[in-house]
Amino acid sequence: MQAQSFEVKTNGDAKLLGQWTISKLRTDPYNLWFDQNYTEYQPIKKELKNLAKGINTFDSITVFLGTWCGDSQREVPRLIKSLEQTEFNLEKLKLICVDRTFQNYKQSPGREESGLNIHRVPTVIFHHNEEEVGRIVESPKNTLAQDIIQIASGQDYVPNYSAVTLLNNLFKNEGFQYVKDNETRIIYELEGQVTNKYELNTYGLVLFSSFQLAEANIVYEFNKKLFPNEPLTYFSLGKFEAMSGDFELAATDLKRASELAPNDEHIRSYFEKVRRK
């Protein structure tokens, strides 16, 4: 076990952080969700047969998950059951548990996720010759076996949340200034890809908590422009601005959030707090 792996228990809740084993997920209290989802999942035998032919294309598989996350609780046991039935060498499977607190949002103690654009969990990354050849983000687009077969065969596979992938690649390959200078064109392109108000909101929080402040700011701005009638987009941007010390801008966005959600006491009270700064 790596030194930076922890089990955290507070107020009756427990979560794992860092690299852990399948056997740990089968212990209390994690077995409550692991065993149920493992048992109930029945992969299609024909798909498993096809999967078994291609699964050893991968040198290794890395899974970023949250033991606190419903999607992880559902998909990770399904993945493990599928791999077991294809006789994949589970020593090549790495499970890395991430946090959900603001300070360490979608991060592990050893920061294994650094540079990998882990914004949703589970994220399952497949490697060949030590290079990523594909990933499944949060849930499969078809069935789990079908998606893995598609990746193993080298077919084009676009995981969920393609808008986040687009932005992350632009930040990584072109830089922040390019994204800022081409805002209008990029927003137009995002309009056809962003599925809902939460997609970029979550990505912004990941950037914010990892101190990529300029990138977080523009992502929140993009989300506000894509969803101009959603209080969440103004509230998230306003919180970011307030925590960055720009209380005037924060008050403007929080006021708009409050106008769009007049009965939301949380938004109203936060707005009043910032307005008094």
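My numbering applies: residue 5 is where the sequence shown begins, and numbers increase by one.
Every residue gets a Cβ at the ideal spot worked out from N, C-alpha and C, and that includes glycine.
How about residue i and residue j: do their beta carbons lie closer than 8 Å?
| i | j | result |
| --- | --- | --- |
| Gln40 | Pro113 | no |
| Arg279 | Ala261 | no |
| Tyr224 | Phe244 | yes |
| Thr169 | Asn205 | no |
| Ser86 | Pro47 | yes |
| Pro235 | Ile191 | no |
| Leu20 | Cys73 | no |
| Ile153 | Leu55 | yes |
| Lys201 | Asn177 | no |
| Leu258 | Tyr274 | yes |
Cα separation between residue i and residue j?
| i | j | result |
| --- | --- | --- |
| Arg189 | Tyr182 | 11 Å |
| Glu219 | Asn60 | 38 Å |
| Phe231 | Arg139 | 28 Å |
| Leu282 | Gln107 | Since the first residue of the chain shown is 5 and the last is 281, residue 282 is not available in this structure. |
| Gln29 | Asn35 | Per the sequence presented here, residue 29 reads as Leu, with Gln not at that position. C-alpha separation (whole angstroms): 6 Å. |
| Glu193 | Thr14 | 43 Å |
| Lys57 | Leu264 | 54 Å |
| Ile222 | Asn173 | 15 Å |
| Asp160 | Glu136 | 13 Å |
| Val67 | His132 | 15 Å |
| Ser213 | Leu99 | 22 Å |
| Asp63 | Ser157 | 14 Å |
| Pro266 | Val210 | 28 Å |
Relative to the C-alpha of residue i, which candidate in the options has its C-alpha closest?
| i | options | result |
| --- | --- | --- |
| Gly22 | Ser64, Arg104, Arg115 | Arg115 |
| Leu52 | Lys259, Thr90, Gly119 | Thr90 |
> Considering only residues of the stretch 36-87, which uninterrupted alpha helix (DSSP H) runs meet the minimum length of 4 residues and lie entirely inside it, listed in chain order?
Replying inline: 49-58
>> Under 8 Å, with one C-beta from each stretch per pair, do the stretch 163-172 and the stretch 117-136 reach the 3-pair mark?
In response: yes
> Do the stretch 141-161 and the stretch 69-84 touch if we need at least three Cβ pairs shorter than 8 Å?
Replying inline: Yes: the two stretches touch, three or more of their Cβ pairs being nearer than 8 Å.
> At what residue ranges does the stretch 141-206 contain a whole run of the alpha helix (DSSP H), taking only runs of 4 or more?
Replying inline: 148-156, 166-177, 180-185, 187-195
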